[in-house]
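Here is the structure we will look at.
There are 2 protein chains.
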Amino acid sequence: MGERRMKPVRAPRRQPGSRVHSELAAGIGRRILDGTYPPGSLLPNEAEWGQMFGASRTAVREAIRTLNGKGLLVSRPKIGSRVEPRERWNLLDRDVMAWHRAALDERTFLLSLQEIRRILEPGAAVLAAARRSPAQLAALERAFADMQSAEVSSEAMVEADVRFHLALLAAANNELLVPFGIVIEQALASMFAYTTSHAVHPEQLLPLHAAVVRAVASQSPEAARKAVTALLDDTDETLVAAVEA
Amino acid sequence: MGERRMKPVRAPRRQPGSRVHSELAAGIGRRILDGTYPPGSLLPNEAEWGQMFGASRTAVREAIRTLNGKGLLVSRPKIGSRVEPRERWNLLDRDVMAWHRAALDERTFLLSLQEIRRILEPGAAVLAAARRSPAQLAALERAFADMQSAEVSSEAMVEADVRFHLALLAAANNELLVPFGIVIEQALASMFAYTTSHAVHPEQLLPLHAAVVRAVASQSPEAARKAVTALLDDTDETLVAAVEA
DNA sequence: CGGGGTAGTTTTGTAGGATAAAAGTCGGAA
DNA sequence: TTCCGACTTTTATCCTACAAAACTACCCCG
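Structure representation (structure tokens):
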């Protein structure tokens, strides 16, 4: 403390996830997702977690409260905290999905994500084409433009790609579709990490997206469905190629 | 396992939701969902919530930790807790959906739920028909049998109906579909409350469900999709009739 | 006169202790 | 034997104190 403190040029801006209770939530959450504590089992009590992580009981309790809210466990006096059955888990939660992903092999995880996309996105595209607002269309077009100007297989491309699909979901104007965005984010991020340029038709990416934009712009639900389906078919090809490689 | 030992009917069995911090989470959560504190706005600080609800700061903090985990807000020292943009909200969470439902008119809520079902369930049915396990088929058949033996428009019927559709989702063998079960639960519960026997073809309910069971049993994906779609068409008719009434 | 660092201020974050309430277990008395 | 009440364990709640973050504003020094 008596030392002269050098101030870094940029404030560290620690993530909100670097708090003690977040670390604890992640630590416990991961152990649940990876099966260390299977559904129905009893967790160590709060004092024990505190010792394990060198944290106070207060911090442990806040972590457990978080996991509670995500449906991973329930706590009762004298009993302790018991892991809930998997069907209660909120797998679409950002954190839970991250822990889940870490506990699974990348391939399995990616395939199940992609499967969800095949179910959801065509339906969302139909709705989007039918009732997107001008602003929502503009957001979609902006994301597409950013994809065009991004380098192939770059971070920027993935970011714009994600934004494209989120914009499509948003344009469907059904709020309950929005939480699914996490699936798309994870799927594309995971693809980027896993299928390092196994793309079968890399030159098809932009035309396929362009077709979606056209369909949504011209408010043609069926065309939108087909365009999105074609897009997902292409993604599937890449995925299969990467899995086999 | 001495079932001879008849225990007197144990009284209260207070819900885990009756805890102080849960009350607080619900109180704050509702105020966020109903727009009292719109996205981007700053919430009262912890001490103020404590006074409002007559609770300690500890309880308030645990409540806020819960809401934090559901994506409704983020907290930072010196700043306070700020409501997150809607697209971060975990609308598929049980609690969040309940608060959301309370803040919306029943009709709008129900229509958007039904829309999601139309997107998801046919796709789930295809997967279920393709790869359900014998046990999963049995669960589906059990739910159907319970529907048959239940009184029309009874609590038991709704419960079996929900179980039927959850079993279908589960049979798709993609964990990420499971969290959607909440949509079905809410939709059917809401239908039950809202469309008190406006059913257009009440006699069709069981045959329509029977067709789904047959398709899944015979592992016919396309038949399953059609059967589920027909089922949803029927539900839609009931819904429209109720909305117009 | 201006810029930058620094002290102050507010709010959340963490710690630790004390007590209450829940929900089992077990033993003793009617 | 049966039932009731102490005992026990664990979470639930409250309290107090202090640490850390991040914004404000001012003062010192060039």
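Those protein sequences? They're chains S and G, same order as listed. So the first sequence is numbered by my numbering: it starts at -8 and just counts up by one. So the second sequence is numbered by my numbering: it starts at -8 and just counts up by one. Idealized CB from N, CA, C, for every residue including glycine.
Which runs of the beta strand (DSSP E) at least 3 residues long sit entirely within the segment 14 to 101 of chain S? Give them in chain order. 64 to 67, 71 to 74
Can you tell me which of the three DSSP states Arg10/G falls into? Coil, per DSSP.
Coarse secondary structure for Met(-3)/G, derived from DSSP in three states: Low confidence applies to Met(-3)/G: its pLDDT is 34, below 50, so where it sits in the model is not reliable, and the reading given next is rough at best. Note: Met(-3)/G maps to coil in three-state DSSP.
Anything in the segment 35 to 54 of chain S with a Cβ closer than 9 Å to a Cβ of chain G? List those residues in chain order, please. Thr49, Arg52, Glu53, Ala54
Using a beta-carbon distance cut-off of less than 9 Å, what residues from the segment 68 to 86 of chain S approach chain G? Arg77, Glu78, Arg79, Trp80, Asn81, Leu82, Leu83, Asp84, Arg85, Asp86
Use the C-beta contact count for Met148/G: other C-beta atoms within 10 angstroms, 16 or more gives buried, fewer gives exposed. A residue is called buried when at least 16 other Cβ atoms come within 10 angstroms of its Cβ; Met148/G meets this threshold and is buried.
In terms of residue numbering, what span does the alpha helix (DSSP H) encompassing Ser181/G cover? 172 to 185
Which of the three DSSP states, helix, strand or coil, is assigned to Ala129/S? helix
Going by DSSP in three states, Val219/G sits in which element: helix, strand or coil? helix
Tell whether a beta-carbon distance below 8 Å holds between Leu118/S and Asn165/S. yes
Out of Thr57/S, Ala54/S, Pro193/S, Gly114/S, which one is the CA nearest neighbour of Val207/S? Gly114/S
I'd like to know whether the C-beta of Leu222/G is nearer than 8 Å to at least one C-beta of chain S. no
Would you kindly work out how many angstroms separate the C-alpha atoms of Arg205/S and Thr226/S, rounded to a whole number? 19 Å
Give a yes or no on whether the C-beta atoms belonging to Leu34/S and Val74/S are separated by under 8 Å. yes
Closest residue to Asp224/S among Glu112/S, Ala89/S, Asn36/S (Cα-Cα distance): Glu112/S
Just to confirm the assignment, what range does the alpha helix (DSSP H) spanning Val203/G have? Per DSSP, Val203/G belongs to the alpha helix (DSSP H) from 196 to 208.
Could you give the first and the last residue of the continuous alpha helix (DSSP H) run that contains Thr190/S? Checking the displayed sequence, the identity of residue 190/S turns out to be Ala instead of Thr. Careful: Ala190/S lies outside any alpha helix (DSSP H) and carries neither H nor E.
Quick one, which of Leu15/S, Met43/S, Arg22/S has its alpha-carbon nearest Arg56/G's? The option with the nearest alpha carbon to Arg56/G is Leu15/S.
Counting only beta-carbon atoms, is Arg21/G nearer than 8 Å to chain S? no
Could you check whether the Cβ of Thr226/G sits closer than 8 Å to any Cβ belonging to chain S? no
Within 10 angstroms of its Cβ, does Val0/S collect 16 or more other Cβ (buried), or is it exposed? Confidence at Val0/S is low in this model, with a pLDDT of 32, below 50, so the placement of that residue is unreliable and no value is reported for it.
Is the CB-CB distance between Ile173/S and Leu95/S below 8 Å? no
Beta-carbon proximity check, Ala202/G vs Arg108/G, cutoff 8 Å: no
Using 10 angstroms around the beta-carbon of Arg52/G, count the other beta-carbons present and answer buried if the total reaches 16, otherwise exposed. buried
For Glu48/G, I'd like the list of residues in its chain whose CB is within less than 8 Å of its CB, leaving aside the five on either flank, ordered along the chain. A quick correction: the sequence has Arg, not Glu, at residue 48/G. Cβ within range, chain order: Glu37, Ala38, Gly41.
Using the Cβ count rule (16 or more neighbours within 10 Å means buried), how would you classify Met88/G? buried
Under 7 Å between beta-carbons, which chain S residues line up against Glu176/G? List them in chain order, please. Those do not exist, as Glu176/G stays about 11 Å from chain S at its closest Cβ, beyond 7 Å.
Beta carbon of Ala116/G, beta carbon of Val234/G: below 8 Å? no
Contact list for the segment 179 to 198 of chain S against chain G, Cβ threshold 9 Å: none
Alpha carbon to alpha carbon, what distance is there between Ala190/G and Gly31/G? 42 Å
Closest Cβ-Cβ distance between Lys217/G and chain S: below 8 Å? no
Go to Arg123/S, then tell me how far its alpha helix (DSSP H) extends in each direction, as first and last residue. Arg123/S -> no alpha helix (DSSP H), and no H or E assigned at all.
Same chain only: Cβ atoms within 6 Å of Ala158/S, ignoring 5 sequence neighbours per side: Ala130, Leu131, Ala134
Closest residue to Arg92/S among Glu194/S, Pro193/S, Leu230/S, Ser181/S (Cα-Cα distance): Ser181/S
Own chain residues within Cβ distance below 6 Å of Ala151/G, not counting five before or after: Ala134, Asp137, Met138, Ala141
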